[in-house]
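Asks: Here's a structure for you.
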Amino acid sequence: MANPRQRRKTRSGSHKPVQHSKRAKKLQKKQPPIRGPQVLQEAWDARKTVRQNYEALGLVASLNPIASGGTERAQAKRADDKEAPARLEAPSSTSTRPAGTNGVPKGFGKIIRDAEGNVVDVQLAVDEEVDEAATEGEGVDEGVPDTRGNAQLAGWVEVGSDPKKAQGPPSTAGTRQLSEARAGPVPRHTSKGEHATLQRLIAKHGEDVEAMARDVKLNVDQRTAGELKRAIRKAGGSAALGRAG
């Protein structure tokens, strides 16, 4: 049976646990150290957000081409403001498709009637010359959707495009330093066990990787000749392994 005093305590508001604000809890925790290249650590501004720091360095904070965080709506508003005068000046039309040489939109036809309403002729859209169509189609890969007039689709298509052809953000000093730091070959390291195995193989067979591949006792992993050749190159070459042995 519960104690009446404990029941009054549970109903009372003065005995509830103290609720600390989220900001007070956040200030109690130390900011984690920035782990990354030295260029990013030196140029990082703690007063800015991650997106702002990346934009200042000329980098992309997210691979998602759809902007978020208050940027997409502003861009759409600016685009609408630019298109508004064009819509006011442009004449009203029932179709937005490009018109052919005779003024009929492509994919449509024009019925010509006489004074009594009888159909006299039907005009179809006359395509441009074949050479002009071929010129417009140059540089467009088959299977890639046409992104002209669709900015959102263009963002997704450019994600998987050739990085050499894609036009990214303008380069800055930070991006150039990062590119220079990552331009050289990545150093590879060989484990102690693999190093000892390669030493024994070279001591027995020299530089004959085919004989090493056929050696069942020393080549316990049954590596092929190509795999052994790449492993020896990664370890510094047969000369370095022979001297170490």
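Each residue of the sequence shown is one higher than the last, beginning at 1 in the UniProt record's numbering.
All C-beta atoms in this analysis are idealised placements derived from N, C-alpha and C, irrespective of residue type, glycine included.
(1) Taking contact to mean 3 or more Cβ pairs, one atom from each stretch, closer than 8 Å, check whether the stretch 19-26 and the stretch 38-49 are in contact.
(2) Have a look at residue 247 and Val50 and give me their C-alpha separation to the nearest angstrom.
(3) How many angstroms separate the CA atom of Ala61 from the CA atom of Ser14?
(4) When burial is assigned at 16 or more other CB atoms within 10 Å of the CB, is Thr197 buried or exposed?
(5) Tell me the residue span of the beta strand (DSSP E) that contains Ile112.
(6) For Pro91, which residues of its own chain have a beta-carbon under 8 Å away from its beta-carbon, when the five flanking residues on both sides are left out?
(7) Give a yes or no on whether the C-beta atoms belonging to Ala43 and Leu57 are separated by under 8 Å.
(8) Between the C-alpha atoms of Ser12 and Lys29, what's the straight-line distance to the nearest angstrom?
(9) Does DSSP put Leu59 in a helix, a strand or coil?
(10) Is Gly174 buried or exposed, if buried means 16 or more other CB atoms sit within 10 Å of its CB?
(11) Are the Cβ atoms of Lys106 and Gln123 separated by less than 8 Å?
(12) Can you list, in chain order, the residues of its chain with a C-beta nearer than 8 Å to that of Ala231? Leave out the 5 residues immediately preceding and following it.
(13) Determine the direct distance from the alpha carbon of Arg182 to that of Asp215, and round the result to whole angstroms.
(14) I need the DSSP call for Leu124, collapsed to helix, strand or coil.
(15) Applying the 10 Å Cβ sphere with the 16-neighbour rule, what's the burial state of Leu218?
(16) From the DSSP secondary-structure annotation, give me the bridge partner or partners of Val119.
Replies: The answer reads as follows:
(1) Taking one beta carbon from each stretch, the stretch 19-26 and the stretch 38-49 have fewer than 3 pairs nearer than 8 Å; the two do not touch.
(2) As displayed, the chain neither begins before 1 nor continues past 245, which places residue 247 out of reach and without an answer.
(3) 47 Å
(4) Thr197 comes out buried.
(5) 109-113
(6) Here the model assigns Pro91 a pLDDT of 48, short of 50, so the residue's position is not dependable, and the following value carries that caveat. Contacts found: none.
(7) yes
(8) Roughly 32 Å separates the two Cα atoms.
(9) coil
(10) buried
(11) no
(12) Thr190, Glu194, Leu198, Arg223
(13) 39 Å
(14) Note: Leu124 maps to strand in three-state DSSP.
(15) Leu218 comes out exposed.
(16) Arg113
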